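Residue numbers (the working numbering), protein chains in the order written: chain E, 1 to 493; chain X, 1001 to 1493.
A virtual CB, placed ideally from N, CA and C, is assigned to each residue, including glycine.
Computed from a predicted structure; not experimentally measured.
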């Protein structure tokens, strides 16, 4: 068995270490030489590309177009919306100079003090400000609306504690920024996009999510309302996986963006923004993977099927290849991404362990006797079960198996979430239950003060007020004051 | 006719103004609020996306994988390769702080002086340094080679004079960074990639290019050798459209990246890097467009065919739509991107002018009489010629027409280049000819001094030493010293 695999920490020993090990050993990413930043390695990036292509297509089907806005934002723009700057000022990279020069007193290179910018520029932590400053020139009449724009970009937030994919100083994401003529239409789009994210999470990532509204404390800086999708990781912690913000007229007012409505009267534009990031990679890893490595959903796996020949002589290998090559073509024709790994410098056992570590959903192994018998050994990564199959019709069989794996890991994640979701009535009960992890459904009086108290005492936050589910009123577990409905508490990433 | 169209400056009046007008009026891009940066608008970005997807596919077919490296580069990394820092230090954005705070003496927000970085970070102008610092950990043995990696990213060079797409402070690009076990293999890859760029330019952009080697003066900072593709714009100026650099062992030595070769001996790794950027958008615009607006090659046009119904009554419109809708489906099934513009708020004349401005290759117009007769008016954007066609078989007809347009604009560009390319013998002759624009083939003694003198006196530079073409030796037009072969001089963007 491969050395890399043996070194993987077990989840039961140290979940956090298991995650870090897995990210590195499965060749997804590594810490960069720059504080808090990561290098996304080819295998990790290939998964991200699949996510990007799928989401991009889904966005476009709703009428969204891509564009690109500048990386650097003038400091004064960030300051226009009071809550926004409050939310982002403490963690931003600031460009102050535009030139280096040879150190007159030494041999090195220094920042040229004569090349100081008149106004500092901020590496975008998010782009509402620069985009709404641009929209001012694009929007004049109701005929210019709605404006449905997305950008794929890198952003930077100077986080103090970072973890690969989950929280890094620089990350990759998409940010959609829509402008509408009415509050209703903007709210509809805000909800449409959180629903789209939920669909993506469930259908492609095989990750069940709860759609809900954030409490005021957890709202995006500058938003009227933030919708979220919350997923539960294997350790029972919540992971916020995507957000969609109804920005009301806040940014239109900050950047003076008005339009002439159908009644020929000027009105501020209604806005929303929505995004998902490389954080989804962390969510994907922690939703399904096990002590043997990654478990990837077939819909996002860069390699869906790997075929490993088992042979002793070159003649045997040639015979196997002769049979397998046309099958590889058939897999490709069926739109299944397949790798035939006949590399000579690694033994089958090493290959098996490596593809398990990398989460390839289906492995086919084939030896000389299989060729004689028309059989093949099939291993499914999610359950690690092996079975014997027929070479005849193998493509159709694997096609079904991939769908079966996709459904199975979704169901497993859903069952896990159900097991780890409890309802509590009292704060004492809450304090006991929260230690066990998972989602806790409890009554809350709706005030930021109570939420803050719970957070300080238990490290749990309100993940969301679910859009669906039980809406029976009750009394707050902490204050005894009226509660409109139960909300979801959890510790989170 | 649409107001926008009438406002477009004519090329003969002011070529430079025509370009700027066209970029803005065709909705490709606009100046951003940040000095030297641009906003790429949805229509412009859609063209860039087509370029990206095509190139990405071409790269992957040669075994290249995508990855992502950090935006910010520690100053000390940039300084490791002497020529490299010399080339980039004068034009880089420097991050010095990581936090803003409320101004204790006022109402605004200031850079927090306590949040000064120990080491300044540079917004990447190119990524050789950070990537080779990473490769150090990835490469140990010849078995780890070749390493063929590309990233799609934004980069920043603090240019003093900027022009949209051609030279902007921030731009989008791809940068490939390959590592090899031998000098020969690295050189082969360097040439393979410049050939790939040439193929892309010619087949997709319909833009003929000359492949050649840069003189020492024009070489990439840190390269042993730079290959380039040079295109001629309509005004006779050259535009460097893509480069591929053989970096020798320079970066491997600077970052101490060695591998154990097949003879079990340590050796420095051989490197190359290659890139194209949103500059290609400028090249595309200036290669084919005319006084009516953009002319887009069908292989890169976001909308290849637009269909405009001509009607007076709603009944007429409905009748046209009934006939056209199934044809739209057939276009889509044939992989042709089509837009049926039956919007009611713009008159056909306005639509015609707008789609001409936006360079849509084929326009179909159809009225009630066409429906009766089974005919359609066909306009091809490249020649502005109109013809009558049959609705029966229109998809096949347009499919051929698109290929015909693609070939025609390539041929036109090729003829233009041939007309504007001259051979001169004396420096006097050179000085006269260079004023007329175009490529001048002349003998040069191979020294940087002579090239510098010619540049200072005529503003012309050596665009490249072509890989193909006349290799007869001669004497330098300036110094009379021996010349190995003619090189290409031009004024350039």
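Check, Outcome
"Cβ shell of residue 237 of chain E (< 8 Å), same chain only, five flanking positions each side left out", "437, 490, 491, 492, 493"
"Contact the segment 241-248 of chain E vs the segment 151-161 of chain E: 3+ CB pairs below 8 Å", "no"
"Distance between residue 281 of chain E and residue 173 of chain E (C-alpha atoms, nearest Å)", "11 Å"
"Cβ-Cβ distance between residue 1360 of chain X and residue 1330 of chain X below 9 Å", "no"
"Residue 169 of chain E, DSSP secondary structure in three states", "coil"
"Beta-carbon gap between residue 1442 of chain X and residue 1461 of chain X smaller than 9 Å", "no"
"Chain-ordered residues of the segment 1119-1139 of chain X with a beta carbon less than 8 Å from chain E", "1120, 1121, 1122, 1123, 1130, 1133, 1134, 1137"
"CA-to-CA distance, residue 1119 of chain X to residue 1495 of chain X, given in whole angstroms", "Nothing in the structure corresponds to residue 1495 of chain X, since chain X is present only between 1001 and 1493."
"Length of the line joining the Cα atoms of residue 71 of chain E and residue 142 of chain E", "29 Å"
"For residue 1044 of chain X, the first and last residue of its enclosing alpha helix (DSSP H)", "1042-1061"
"Residue-chain proximity (residue 1108 of chain X, chain E), Cβ-Cβ < 9 Å", "yes"
"Within the segment 84-140 of chain E, ranges of the alpha helix (DSSP H) (whole runs, at least 4 residues)", "128-138"
"Rounded distance between the beta-carbons of residue 1069 of chain X and residue 1130 of chain X, thought under 8 Å", "5 Å"
"Closer than 9 Å to chain X by CB, residue 45 of chain E", "yes"
"Cβ of residue 345 of chain E within 9 Å of any chain X Cβ", "yes"
"Cβ neighbour criterion (16 or more within 10 Å) applied to residue 1001 of chain X", "Residue confidence for residue 1001 of chain X is low, a pLDDT of 40 falling below 50, so the modelled location carries little weight; the figure read from the coordinates is stated next. So residue 1001 of chain X ends up on the exposed side."
"Any 3 or more C-beta pairs closer than 8 Å across the segment 1088-1107 of chain X and the segment 88-100 of chain E", "yes"
"Range covered by the beta strand (DSSP E) that runs through residue 212 of chain E", "210-213"
"Contact check, residue 476 of chain E vs residue 445 of chain E, beta carbons under 9 Å", "yes"
"Proximity of residue 1231 of chain X and residue 1213 of chain X at Cβ, strictly below 9 Å", "no"
"Selected residue, minimal CA-CA separation from residue 1246 of chain X, among X:1484, X:1388, X:1407, X:1189", "X:1189"
"Three-state secondary structure assigned by DSSP to residue 261 of chain E", "coil"
"9 Å Cβ cutoff, residue 303 of chain E in contact with chain X", "no"
"Nearest neighbour of residue 300 of chain E, chosen from E:421, E:168, E:473, E:405 [CA to CA]", "E:405"
"Cβ of residue 272 of chain E within 9 Å of any chain A Cβ", "In the structure shown, chain A does not exist; the protein chains are E and X."
"Within chain E, the residues that residue 1281 of chain X reaches when beta carbons sit closer than 7 Å", "Within 7 Å Cβ-Cβ: nothing; residue 1281 of chain X doesn't reach chain E, min ~11 Å."
"Neighbourhood of residue 308 of chain E by C-beta, 6 Å cutoff - its chain only, sequence neighbours within 5 removed", "341, 348, 351, 365"
"Classification of residue 393 of chain E by the beta-carbon crowding that lies within 10 angstroms, buried from 16 upward", "exposed"
"Limits of the alpha helix (DSSP H) - the one that residue 270 of chain E falls within", "No alpha helix (DSSP H) holds residue 270 of chain E; the beta strand (DSSP E) holding it covers 270-277."
"Alpha carbon of residue 1378 of chain X to alpha carbon of residue 1388 of chain X, nearest angstrom", "6 Å"
"Closer than 9 Å to chain X by CB, residue 91 of chain E", "yes"
"Span of the alpha helix (DSSP H) around residue 232 of chain E", "No alpha helix (DSSP H) contains residue 232 of chain E, which is instead part of the beta strand (DSSP E) from 225-232."
"Cβ neighbours of residue 1037 of chain X in the same chain (closer than 7 Å, five flanking residues each side left out)", "1168, 1169, 1170"
"Whether residue 292 of chain E touches residue 356 of chain E by CB criterion (9 Å)", "yes"
"Anticipated Cβ contact below 8 Å, residue 494 of chain E with residue 398 of chain E, distance rounded", "Because chain E is modelled from 1 through 493, residue 494 of chain E falls outside the range shown and cannot be assessed."
"C-alpha distance - residue 1304 of chain X paired with residue 1234 of chain X, whole-angstrom precision", "23 Å"
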